Structures are given as structure tokens and as C-alpha cells.
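So the sequences go chain by chain: A and B.
Take this note's numbering: the final residue in the first sequence is number 352, and no numbers are missing along the way.
Take this note's numbering: the final residue in the second sequence is number 845, and no numbers are missing along the way.
Each residue gets a CB set at the ideal place from its N, CA and C atoms; glycine is no exception.
Only a predicted model underlies this, so the values are computations on that prediction, with no experimental measurement involved.
For reference, the structure discussed in these notes is given below.
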Amino acid sequence: KQEVTQIPAALSVPEGENLVLNCSFTDSAIYNLQWFRQDPGKGLTSLLLIQSSQREQTSGRLNASLDKSSGRSTLYIAASQPGDSATYLCAVSLRNTDKLIFGTGTRLQVFP
Amino acid sequence: DAGVIQSPRHEVTEMGQEVTLRCKPISGHDYLFWYRQTMMRGLELLIYFNNNVPIDDSGMPEDRFSAKMPNASFSTLKIQPSEPRDSAVYFCASSLFSYAQAASGETQYFGPGTRLLVL
Chain A
241 KQEVTQIPAA LSVPEGENLV LNCSFTDSAI YNLQWFRQDP GKGLTSLLLI QSSQREQTSG
301 RLNASLDKSS GRSTLYIAAS QPGDSATYLC AVSLRNTDKL IFGTGTRLQV FP
Chain B
727 DAGVIQSPRH EVTEMGQEVT LRCKPISGHD YLFWYRQTMM RGLELLIYFN NNVPIDDSGM
787 PEDRFSAKMP NASFSTLKIQ PSEPRDSAVY FCASSLFSYA QAASGETQYF GPGTRLLVL
């Protein structure tokens with residue numbers, strides 16, 4: 241059974257810091273890994289999607305890497321801003337299904 | 727496009743009552759997913775449809791839960807009878823392609839969720 245874990249569970253940092261959020265999964269047979277952002281009281285917004293054949297994806301100040309063999313992904317946020325405050329979820333898609341298995345989430349607070 | 731639309735946004739009901747949650751996916755999307763989010767269990771997939779047909783309902787917790795998709799633009803998730811442990815946020819999501827088909831990495835688009843409280 242695929243299990244997805246994220247550490248840390250919560251993070252509070254001052255504005256301007258570079259951050260690393262971690263995601264680990266137990267079964268490497270995945271199609272892809274995705275990072276989502278969830279704001280309070282709202283749905284999820286996709287940030288980055290890494291195909292299983294890729295090593296990383298970048299979008300603006302965000303960079304996500306994938307090491308499928310070790311079952312790990314990291315989301316790097318450069319020069320954090322208060323607007324980055326949200327919960328970040330990683331999710332893996334299982335092979336031969338259309339299911340997404342979500343991690344436990346990291347609640348990020350960036351203060352001015 | 728207005729995105730995925732869910733109604734109601736908030737629902738408070740008493741134990742034993744029937745609850746119906748509604749979802750309108752993005753037009754043209756062939757896949758529709760229902761999720762439940764709680765503090766204890768996180769975000770879990772309940773059921774998903776492809777072209778209005780249920781594909782996998784293994785995440786539906788018990789027979790009190792049922793989901794239908796009578797047409798491409800509407801789906802319902804029903805709980806009958808409701809129990810306090812059903813209190814959660816229920817999300818609907820839709821996507822154009824399956825992950826198996828989406829070489830370009832098409833993603834799921836989530837609605838704002840329905841916050842359900844069963845007293």
C-alpha cells in the first residue's frame with residue numbers, strides 16, 4: 241500500500257528565507273508526483289508536476305525534484321514571501337490507476 | 727471557465743439526516759473525483775468516474791455513501807444516514823485526461839469544497 245509522508249508538519253519562517261519541504265513515498269511504481277498548495281477554506285491548486293521519467297520541474301521561485309529510486313521529493317521555495325503561507329501537499333499517482341495518494345501536508349507560515 | 731463548482735459550500739445537519747453534495751466539473755473534462763479531507767486522515771479519494779461511469783469506489787467508507795454522475799456536467803455524493811464522524815470537507819475535482827494518458831502532465835482541478843458538520 242502506497243504511503244506518502246511529509247516533513248516537517250509545520251514550518252514558520254521569516255520572509256526572505258529559502259525553504260525545503262520534504263515528501264517521501266513507499267512505492268516507487270508511480271506515474272508522477274505533484275505538489276499542491278491549499279489556502280484556508282479553499283481547494284487545492286497544482287504547483288508543479290514531475291513525470292516519473294523526470295528529475296525536476298521549476299516554476300518561478302519554486303523547484304521540485306524527484307528521486308524515484310529512493311522514494312523522495314523536495315519542494316524548494318526561494319526567497320519566501322508572506323503570500324507563500326499555505327499548506328503544501330504532495331501527491332503521487334499510482335501506475336495503472338488514476339488515483340492520487342496525498343501526503344500529510346506541511347503547513348507553512350512566512351511572517352514579515 | 728468558472729472552474730469546478732460545488733454546492734453547498736457549508737452544510738450543517740443532524741445525525742440521521744440525508745446529505746447531498748453536488749459538483750459541476752469543468753466542461754469537457756472526462757474524469758471526476760470525490761475526495762474527503764479530515765484532520766485525522768488527510769485527503770482521501772472516495773470514488774472517481776470516467777465518462778460518467780464509476781471506475782473505482784474502493785475509497786467509499788461504507789454503504790451509507792453513494793455517488794452518481796447522471797451526465798457529464800453533474801455529480802452527487804449522498805450520505806444516508808449521516809453520522810458525526812462524516813464531518814469533513816468534501817472536494818470534487820475534474821481532469822481532462824487520465825494520468826496514464828497525460829504525457830503532458832495534465833492535472834486535476836479542485837473545487838472549493840463543501841464543509842460538512844453532522845451534529
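Counterpart residues of TYR316(A) in DSSP-defined beta bridges: By one-based count along the first sequence, residue 316(A) stands at place 76. For TYR316(A), which the question treats as bridged, DSSP gives the partners VAL260(A) and ASN303(A).
PRO780(B) in three-state terms, based on DSSP: Residue numbering aside, residue 780(B) sits at position 54 when the second sequence is read from its first letter. If DSSP states are grouped into helix, strand and coil, PRO780(B) belongs with the strands.
Whether LEU288(A) touches TRP275(A) by CB criterion (8 Å): Counted from its first residue, the first sequence places residue 288(A) at position 48. Counted from its first residue, the first sequence places residue 275(A) at position 35. The answer is yes: Cβ separation under 8 Å.
C-alpha distance - GLY311(A) paired with LYS339(A), whole-angstrom precision: Here residue 311(A) refers to the residue found at position 71 when the first sequence is read from its first residue. Here residue 339(A) refers to the residue found at position 99 when the first sequence is read from its first residue. Each residue's alpha carbon lies about 18 Å from the other.
Test item: CB-CB of ARG748(B) and ALA814(B) under 8 Å: If you number the second sequence from 1, residue 748(B) lands on position 22. If you number the second sequence from 1, residue 814(B) lands on position 88. The criterion of a C-beta distance shorter than 8 Å is not satisfied by ARG748(B) and ALA814(B).
Bridge-paired residues (DSSP) for TYR271(A): Taking the first residue of the first sequence as 1, we reach residue 271(A) at position 31. Partner residues in a beta bridge of TYR271(A), as assigned by DSSP, do not exist.
MET786(B) beta carbon less than 8 Å from that of ILE773(B): Here residue 773(B) corresponds to residue number 47 of the second sequence, with the count starting at 1. Here residue 786(B) corresponds to residue number 60 of the second sequence, with the count starting at 1. In contact: ILE773(B) and MET786(B) (Cβ atoms closer than 8 Å).
DSSP state of GLY910(B) mapped onto helix, strand, coil: Limits of chain B in this structure are 727 at one end and 845 at the other, which puts residue 910(B) out of reach.
Closer than 8 Å to chain A by CB, SER824(B): The residue you call residue 824(B) lines up with position 98 of the second sequence. Taking Cβ atoms only, chain A reaches closer than 8 Å to SER824(B), which makes this a yes.
Three-way DSSP call (helix, strand, coil) for PRO787(B) in this model: By 1-based counting over the second sequence, the position of residue 787(B) is 61. Looking at PRO787(B) - three-state DSSP - the assignment turns out to be coil, as it is neither helix nor strand.
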